[in-house]
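See below for the structure under consideration.
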Amino acid sequence: MSEDRRRFLIRSVSLTSAGLMVPSTSFSRPMPQEAAPSIETKPGLIVRSRRPLDLETPVDKLDSEFTPNDWFFVRNHFGEPAVRPDGWKIAFDGAFTKPRTLPLAEIIAAHPRHELPAVAMCAGNGRALFTPKVPGLMWERGAVGQALWSGIRFADLIRAIGLDTAARHLIFETADVTPSPKTPPYTRSLPLDRLMQDDVLLADRMNGQPLPLLHGGPLRLVVPTWTANHWVKWIVRITASAEESPAFFQKTAYKINTVPITPADTPKPDQMTSVKILNVKSLVTSHLPGQTLPPGRHEVRGQAWTGPGVIDKVEIRTRPTDPWATAEIVSKSRTAGAWVRWKWNFEAAAGEKLVIETRATDSNGNTQPVEPFWNKSGYLFNAIDGVPIRIS
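Sequential numbering from 46 applies to the sequence shown in my numbering.
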């Protein structure tokens with residue numbers, strides 16, 4: 046490619062990102078789209094929305110190292126596409142050294158396979174727990190799960206295709222089915238410096254199985270330590286750009302205030318930022334709120350996770366006047382982006398009303414706060430949570 050042509054492509058992408066040039070093909074796709082056949086909801090999951098389909102995992106189904114595919118939460122912005130894995134292709138355009146379209150099978154076969162455990166969590170997990178209340182899907186505690194993801198390193202693919210030196214962001218376009226042909230699909234961009242790290246995968250397998258449709262099959266992005274709105278599903282186009290995407294889901298949605306506010310406040314634009322990094326969080330998975338237990342000794346189990354770094358400790362208590370005790374972390378390894386399993390035993394007397402409270406601390410010194418960082422979108426709830434139980 047000539048230097049003049051390269052400069053033209055970069056400038057074209059930059060102008061499009063700025064809203065100055067939007068060609069009629071800006072939302073064209075390399076494969077015909079159609080709605081998927083009617084999909085039954087996963088039995089046992091909590092339905093937060095039917096159209097689009099949004100399903101929450103009961104917390105007792107999160108009581109294992111890897112969340113089974115059938116119990117994994119589902120978050121969609123639009124309808125699922127009708128998937129034909131054998132014909133799936135991805136278009137690479139913009140500031141690539143040689144824009145092209147590649148079949149999925151060729152992409153996967155050309156690079157070494159890698160696998161890693163990683164927590165996927167919706168940015169709105171815990172939204173229903175905020176006070177004052179906020180609008181949106183009323184996720185409680187189960188818009189999260191951990192899987193063993195398998196695929197190719199995204200960096201290997203990008204190095205093989207080649208990027209112009211001015212590229213700073215990659216824009217991902219999806220195949221989800223929008224309510225109108227004029228409605229752009231879910232589009233999200235990520236900075237190149239994050240995408241080129243070794244833990245970012247293009248995954249086609251989940252817990253040893255082909256990636257299910259509801260979880261982005263046949264191909265999705267896996268970005269450990271980042272919120273799941275960056276784990277783009279059903280990828281059909283990747284555009285290299287000097288600027289981030291101008292799309293609604295990039296410029297307007299998934300924003301959070303950087304300073305404390307009240308419901309009456311309107312933050313200034315420079316007081317808002319994109320939701321990106323997971324914060325430190327813990328979850329009780331062995332007991333449900335309101336559960337009745339017999340007197341005696343009981344084991345509490347759960348998970349804890351964070352953004353960059355690893356979990357250093359999990360503390361727990363069942364009475365507000367008790368000192369915090371340290372739970373035992375039972376996970377054999379601690380990997381950034383993966384959760385750790387923990388357990389703790391306690392004694393309970395007949396007639397007691399207890400609240401199991403937990404708080405996690407990570408290797409960067411972050412500890413769960415008493416109060417959440419309130420925001421109008423209900424993102425990143427990570428306050429100390431309590432599970433009330435009764436002793437018979």
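All C-beta atoms, glycine included, are put in the ideal place defined by N, C-alpha and C.
According to the Cβ coordinates, are V329 and G352 closer than 8 Å?
-> no
Neighbourhood of V189 by C-beta distance below 6 Å, restricted to the same chain and skipping five residues each side: M166, N170
### Message
Is the beta carbon of N420 closer than 8 Å to that of N252?
### Response
no
| request: Just tell me which of V385, A150, P226 has its CA closest to the CA of I197. | output: For the options V385, A150, P226, the alpha carbon positioned closest to that of I197 is the one of A150.
(Q) Is the separation between the beta-carbon of L425 and that of N324 shorter than 8 Å? (A) In this structure, L425 places its C-beta atom within 8 Å of the C-beta atom of N324.
**Report entry** Neighbourhood of F391 by C-beta distance below 7 Å, restricted to the same chain and skipping five residues each side
**Finding:** H343, V345, T363
*asked:* Here's the rule: buried if 16 or more other CB atoms are within 10 angstroms of the residue's CB, otherwise exposed. What is W369?
replied: With a threshold of 16 other beta carbon atoms within 10 Å, W369 falls short and is exposed.
Fill in: Residues bridged to R145 [DSSP beta-bridge criterion]
F137
Review point. Looking at the structure shown, is Q242 part of a helix, part of a strand, or coil, going by DSSP?
Key: coil
query = Of the choices T176, E185, H122, G181, whose alpha-carbon is the least far from that of I91?
reply = E185
Review point. Taking C-beta to C-beta, are A428 and V385 nearer than 8 Å?
Key: no
* To do: Answer yes or no: do P97 and F123 have a C-beta to C-beta separation smaller than 8 Å?
  => Yes, these two residues count as a Cβ contact at 8 Å.
Whole-number beta carbon distance between A394 and I436, since they are thought to touch under 8 Å
6 Å
| message | Once the 5 residues before and after F294 are set aside, which same chain residues still bring their CB inside 7 Å of it? | response | Y231, T232, R233
When burial is assigned at 16 or more other CB atoms within 10 Å of the CB, is I280 buried or exposed? buried
Review point. Can the beta-carbon of T307 be found less than 8 Å from the beta-carbon of A381?
Key: no
Can you give me the C-alpha to C-alpha distance between H159 and W194, rounded to a whole angstrom? 8 Å
- prompt: Around the C-beta of D430, are 16 or more other C-beta atoms found within 10 angstroms, so that it is buried, or is it exposed?
  reply: That one is buried.
| task | Drop a sphere of 10 angstroms on the beta-carbon of T284, count the other beta-carbons inside from all chains shown, and report buried for 16 or more, exposed for fewer. | result | Counting other Cβ atoms within 10 Å of its Cβ, T284 reaches 16 or more and is therefore classed as buried.
Whole angstroms are fine: how far does the CA of M183 sit from the CA of A173? 5 Å
Cutting at 6 Å between CB atoms, please list the residues of its own chain near S408, excluding the five before and the five after it. G354, V355, D357
Exercise. From S83 to P339, what does the alpha carbon distance come to, in whole angstroms?
Worked result: Summary for S83: the model assigns pLDDT 42, below 50, so the residue's position carries little reliability; its value from the coordinates is reported in the next sentence. Going from the Cα of S83 to the Cα of P339 covers about 44 Å.
Can you list, in chain order, the stretches of the beta strand (DSSP E) that have 3 or more residues and sit fully within the stretch 246-308?
246-251, 265-267, 280-286, 300-302
Requested in this report: Report buried or exposed for I322, applying the criterion of at least 16 other Cβ atoms within 10 angstroms of its Cβ.
Outcome: exposed
Three-state secondary structure (DSSP) of R120: coil
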